[in-house]
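K.L.:
Number 193 in the numbering used here belongs to position 193 of the sequence shown; there are no gaps in the numbering.
Where is the CB? At the ideal position from N, CA and C, for every residue including glycine.
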Amino acid sequence: MVKRIFKLLSIALISISQNYSVFGQTPTRIVSLAPSLTKNVYFLEQQHKLVGCTSYCDTAVANGKEVVASAVKVNIEKVVSLKPDLVITTTMTNPETLDMLKKFNIRVETFPTAKSFDEICKQTIRLGQIIGAESNAKRIVTQSETKIKSLASSTRKDKSPSVFFQIGAKPLFTVIPGTFMNDYILLAGGKNVVTTTKTGTITREAVIASNPDVIFIVTMGIVGNEEKNVWESYSTLSAAKNKKIFIIDSNDACTPTPVTFVKTLERVINLIYSK
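Next up, the structure:
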């Protein structure tokens, strides 16, 4: 443990002396600690600046970017060794980890969890400003906003289907109001059957009692298909009777970027109103 601390301190002193992180300048070596931010870096066409990512950043990993973190743990030594001038992350990352990185004279930019499509767009522009791709960010946001308006206007105004959107199985976990994923339901002209829980956990009995017209389940490996089979077994459910139980790609649906949001909303609308 003592050796590890000494090693970290040594790296820190070297980092500070060589001034790897020059605040205020456009970064050229970026480490991303969130899959959504990594995707946005790619959408903003700045992947050449990306030097490190998490094990869940599929495209970046496939492109040979250095893996510096899992879903829950960041390898600080590895991050520092990459000499980044910027680390981008979300509030999901342990604050102590971020404090440690800052002590190494590394610029850290934290993005809160987006609660709506509008916040996703604002955060994308902020990211673009930080990494030197503001024009790309504004272009993507404008295109996405235009597409969203078009999609929303295409929904049936005489129908407001009730929707259950499942994002976890054990325990049963659902999309709740006040989250960006709830915007999929609202912009599709639907209404969320879940309005009371603040944590997202819900019982199967409560879902059955609400009798949703449509059920969406994000991919969770084989668990997603298993859950689909369970819901289909309740023959009295409106969604089951009308064959309105669908699997949605979690890589897109659960990732807050303008591009993936548009892609998911388009699929949600098509599935809700398909014959």
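Rounded to the nearest angstrom, what separates T38 and T89 at their Cα positions?
P.N.:
If I take the Cα positions, the gap works out to 9 Å.
K.L.:
Any idea if V80 is buried or exposed, counting beta-carbon neighbours within 10 angstroms, 16 or more meaning buried?
P.N.:
Counting Cβ neighbours within 10 Å, V80 comes out buried, since at least 16 surround it.
K.L.:
Going by alpha carbons, who is nearest to N225 out of S116, S250 and A206?
P.N.:
Among S116, S250 and A206, the Cα nearest to that of N225 belongs to S250.
K.L.:
Measuring alpha carbon to alpha carbon, tell me which residue in S274, V72, F43 and S32 is nearest V61.
P.N.:
Comparing Cα positions, the closest option is S32.
K.L.:
Could you give the distance in angstroms between the alpha-carbon of G128 and the alpha-carbon of K263?
P.N.:
Cα to Cα, G128 sits roughly 21 Å from K263.
K.L.:
Determine the DSSP secondary structure at T260, reduced to helix, strand or coil.
P.N.:
Looking at T260 - three-state DSSP - the assignment turns out to be helix.
K.L.:
Let's test the definition: count the other Cβ atoms within 10 Å of the Cβ of A253 and tell me whether it reaches 16, buried, or not, exposed.
P.N.:
When all chains shown are included, A253 counts as buried.
K.L.:
Would you grab the beta carbon distance between I215 and K244 for me? Rounded to a whole angstrom, and I think it's under 8 Å.
P.N.:
Indeed they touch by this definition, with Cβ atoms about 7 Å apart.
K.L.:
Where K159 and S153 are concerned, what is the direct C-alpha to C-alpha distance, given to the nearest angstrom?
P.N.:
For K159 and S153, the distance between alpha carbons rounds to 13 Å.
K.L.:
Alpha carbons only, please: which of L151, I130 and V194 is nearest the one belonging to E205?
P.N.:
Checked all of L151, I130 and V194; the closest Cα to E205 is V194.
K.L.:
For a test of the three-state rule: what should DSSP assign to G52, helix, strand or coil?
P.N.:
G52 falls in the strand class under three-state DSSP.
K.L.:
What residue does the alpha helix (DSSP H) around I247 start on, and which one ends it?
P.N.:
Unbroken run through I247 is the beta strand (DSSP E), I245 to I248; no alpha helix (DSSP H).
K.L.:
As a quick exercise: from E77, E134 and I247, pick the residue whose alpha carbon is nearest that of M220.
P.N.:
The candidate whose alpha carbon is nearest that of M220 is I247.
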